[in-house]
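Data block below; observations after.
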Amino acid sequence: MLDINEMIQYTKDNRTTDQPIDYSSNVYSNEPPEGGSDASRLDEYIAWLNQSAWAYDPLYQSWWRYVDNADPQTAGVLRNEVDRLTGRQLHFENVIVLYAEHEVISPTNLSIHLEQDWVGDADLFRDGKKYDIRWSTVASKDELQSGRRKPIRFLYPDDQTPFPLKPGHTWVIVVTPTTSVTETSPGKWLLQFDQPPGARFGGGLR
0 MLDINEMIQY TKDNRTTDQP IDYSSNVYSN EPPEGGSDAS RLDEYIAWLN QSAWAYDPLY
60 QSWWRYVDNA DPQTAGVLRN EVDRLTGRQL HFENVIVLYA EHEVISPTNL SIHLEQDWVG
120 DADLFRDGKK YDIRWSTVAS KDELQSGRRK PIRFLYPDDQ TPFPLKPGHT WVIVVTPTTS
180 VTETSPGKWL LQFDQPPGAR FGGGLR
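Numbering (numbering that gives the first Met the number 0), first residue to last: 0 to 205.
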């Protein structure tokens, strides 16, 4: 709930010059992991006026992003989401659906539990496949020894072994644990966001 200027100042105040920031919490590989389910498209239904989709392109080896206009006249009609600086459609090598507990502070104000020492399920979409993985904010041995935290980690279901992401960019969709991701036809997946009891909003943290 910080103002962006407060966040910038907080970062400056807590950065030490003698310890470089280390973001090496995950591993990356061009080689797709074994297993997984076929996935060529992921549709997201967060709310009637909050719908989007991802389509896998084997040539680009990444996922193209599509969004609606949040307009009742065209609800569910998707268009290319374009980077305003470059004019090019957004595409990401990894798309992750992260399931996390949501605590309702007020109907339109939620606290999402991604703080230290939490773990949970996630779905990774990469290379035209969907993988069942885990996420963790539990401190590693390196973090405990250095006292410096690293970003969230993505793991195999054993909660220990890093699961390889594809080199490139990653988009994370944070949803409730009761949100469903189901295969509606071969390779086509549908995410239906399930609001926590007491919430009243468009839903979904992208």
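Glycine included, every Cβ here is placed at the ideal spot set by N, Cα and C.
DSSP state of Pro57, grouped into three classes?
-> Pro57 falls in the coil class under three-state DSSP.
Given that a residue counts as buried once 16 or more other Cβ atoms are within 10 Å of its Cβ, and exposed if not, what is Trp53?
-> Flag for Trp53 reads buried.
Let me know if Thr10 comes out buried or exposed under the rule of 16 or more other beta-carbons within 10 Å of its beta-carbon.
-> Its Cβ having fewer than 16 others within 10 Å, Thr10 is exposed.
Out of Arg148, Tyr155, Val180 and Asp158, point me to the one whose CA is closest to Asp21's CA.
-> Looking at the Cα atoms, Arg148 is the closest of the given residues.
Residue ranges of each beta strand (DSSP E) within the segment 5-46, 3 or longer = Within the segment 5-46, the complete beta strand (DSSP E) runs of at least 3 residues are 40-46.
What are the boundary residues of the beta strand (DSSP E) that includes Asp141?
-> Run containing Asp141: none in the beta strand (DSSP E); it sits in the alpha helix (DSSP H), Lys140 to Ser145.
Going along the chain, which unbroken runs of the beta strand (DSSP E) with 3 or more residues stay wholly within the segment 118-173?
-> If only uninterrupted beta strand (DSSP E) runs of at least 3 residues are considered, those enclosed by the segment 118-173 are 118-125, 128-135 and 152-154.
Could you say which of Ile3, Gly119 and Ala69 lies nearest to Ile45 if we only look at CA atoms?
-> Looking only at Ile3, Gly119 and Ala69, the smallest Cα-Cα distance to Ile45 is reached by Ala69.
If you check the beta carbons only, do Tyr55 and Ser39 fall under 7 Å apart?
-> Taking 7 Å as the cut-off, the beta carbon of Tyr55 is found closer than this to the beta carbon of Ser39.
According to DSSP, what are the bridge partners of His101?
-> Per DSSP, the beta-bridge partners of His101 are Ile111.
Please report the residue range of the beta strand (DSSP E) in which Glu182 lies.
-> Ser179 to Ser184 is the extent of the beta strand (DSSP E) around Glu182.
Any idea which residues DSSP pairs Phe91 with across the strands?
-> In DSSP, Phe91 forms a bridge with Trp62.
Which of helix, strand or coil DSSP assigns to Gln50 | If DSSP states are grouped into helix, strand and coil, Gln50 belongs with the strands.
Tell whether a beta-carbon distance below 7 Å holds between Pro195 and His101.
-> Yes, Cβ-Cβ distance for Pro195 and His101 is below 7 Å.
Buried or exposed: where does Arg133 fall if 16 or more other Cβ atoms within 10 Å of its Cβ makes it buried?
-> Counting Cβ neighbours within 10 Å, Arg133 comes out buried, since at least 16 surround it.
Separation of Pro161 from Leu143, as counted between CA atoms | Leu143 and Pro161: Cα-Cα distance of roughly 18 Å.
Report buried or exposed for Asp67, applying the criterion of at least 16 other Cβ atoms within 10 angstroms of its Cβ.
-> Buried, since its Cβ has 16 or more Cβ neighbours within 10 Å.
Tell me whether Gln191 sits in a helix, a strand or coil according to DSSP, three-state version.
-> Three-state DSSP puts Gln191 in a strand.
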